[in-house]
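Engineer: In terms of the working numbering, the numbers along the sequence shown are unbroken and rise by one, the last being 515.
I have a structure I would like to understand better, so I am pasting it below and will then ask my questions one at a time.
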Amino acid sequence: MKIYSLILFFYLLAASCQGQPVAENRIVKATTGAAESEYEKGAISVGVVVSDLEKSLDFYTRVLGMQKTGGFKIDEDFGNRSGLSDGVPFEVTVLKLVDSPDAAEWKLLSFGKGATHPKQLHIQDDTGVQYVTLFVKAIQPILERIRQNNIPLLGSTPVVLKDGRQFILIQDPDGTFIELIGQ
């Protein structure tokens with residue numbers, strides 16, 4: 333279920349980034365033929381626990397170009413009652429590719445500790461969410477920022493795809509693979 337949610341997230345993220353209309357999730361009523369959305373928003377929000385919040389914020393904003401659009405706090409009581417953190421308070425920083433109420437959210441939070449598993453070398457090295465795909469209008473400005481910040485390009489990237497777009501693969505500071513696809 334996680335992977336399908338993530339795939340939907342990045343489809344919506346890509347559509348909003350390219351300025352194209354986003355398809356809504358709809359439920360069709362068999363009796364009337366009318367379509368009605370089950371969801372309040374046409375985009376999803378993904379929470380990402382990172383080991384070093386400042387380092388990750390720097391990566392996602394300065395290198396990838398996401399925008400910090402807000403944040404919120406979870407206190408001990410809500411963390412416990414909601415089942416999110418067993419009573420551990422935390423803060424969430426909200427990032428978006430575009431500053432729009434309908435844009436997908438990439439929510440960063442940290443508990444100040446590293447992962448309990450080794451950093452992956454390839455997407456098959458672990459289960460769960462392993463990579464995200466960002467579709468960009470122009471790959472060159474992002475590639476320049478990647479190089480300026482000494483972020484290793486993985487594989488033999490950039491690779492030219494069959495449709496002429498370029499594909500770049502990098503990892504965020506915690507090892508999540510980031511695919512960048514664009515002209």
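Using N, Cα and C, we set each Cβ at its ideal position, and we do this for glycine too.
#1: What separation, rounded to the nearest whole angstrom, lies between the Cα atoms of VAL468 and ARG477?
#2: Please work out which residues of its chain come closer than 6 angstroms, Cβ to Cβ, to GLU356, disregarding the five sequence neighbours upstream and downstream, and give them in chain order.
#3: Which residue wins for smallest C-alpha separation from SER377, given the options GLY402, THR489, PHE391 and ASP384?
#4: Could you have a look at GLU372 and say whether DSSP puts it in helix, strand or coil?
#5: With DSSP collapsed to three states, give me the class of ILE471.
#6: Is there contact here, the segment 423-431 with the segment 396-410, by at least three beta-carbon pairs under 8 angstroms?
#7: Confirm the yes/no value for this check: CB of LEU486, any heavy atom of the ligand SAM, distance under 6 angstroms.
#8: So who's on the other strand from PHE391, going by DSSP bridges?
#9: From ASP504 to ARG413, what distance separates their C-alpha atoms?
#10: Roughly how many angstroms separate the alpha carbons of THR363 and TYR371, rounded to a whole number?
#11: Which residue spans inside the segment 377-450 form an unbroken alpha helix (DSSP H) run of at least 4?
#12: Name, in chain order, the residues that DSSP records as bridge partners for GLU476.
#13: Check whether the Cβ atoms of PHE422 and LEU441 sit closer than 7 angstroms, and answer yes or no.
#14: Does DSSP classify ILE455 as helix, strand or coil?
#15: Use the C-beta contact count for GLY514: other C-beta atoms within 10 angstroms, 16 or more gives buried, fewer gives exposed.
#16: How big is the Cα-Cα spacing for PHE509 and LEU416?
#17: On the criterion of 16 or more Cβ atoms from any shown chain inside 10 Å, does GLU437 qualify as buried, or is it exposed?
Structural biologist: By the coordinates alone:
#1: 14 angstroms
#2: Confidence is the limiting factor: at GLU356 the pLDDT is only 40, short of 50, which leaves the residue's position unreliable, though a coordinate-based value still follows. Closer than 6 angstroms at the Cβ level, and outside the excluded window around GLU356, lie SER369 and GLY374.
#3: GLY402
#4: coil
#5: helix
#6: yes
#7: Looking at this structure, you won't find the ligand SAM or any other ligand, since it has none at all.
#8: Per DSSP, none; premise fails for PHE391.
#9: 31 angstroms
#10: No answer about THR363 holds up, because its pLDDT of 49 lies below 50 and its placement is not dependable.
#11: 385-390 and 408-413
#12: Answer by DSSP bridge pairing: none, since GLU476 is not bridged.
#13: yes
#14: Here ILE455 sits in helix by DSSP.
#15: Burial state of GLY514 is buried, judged by a 10 Å Cβ sphere holding 16 or more other Cβ atoms.
#16: 25 angstroms
#17: buried
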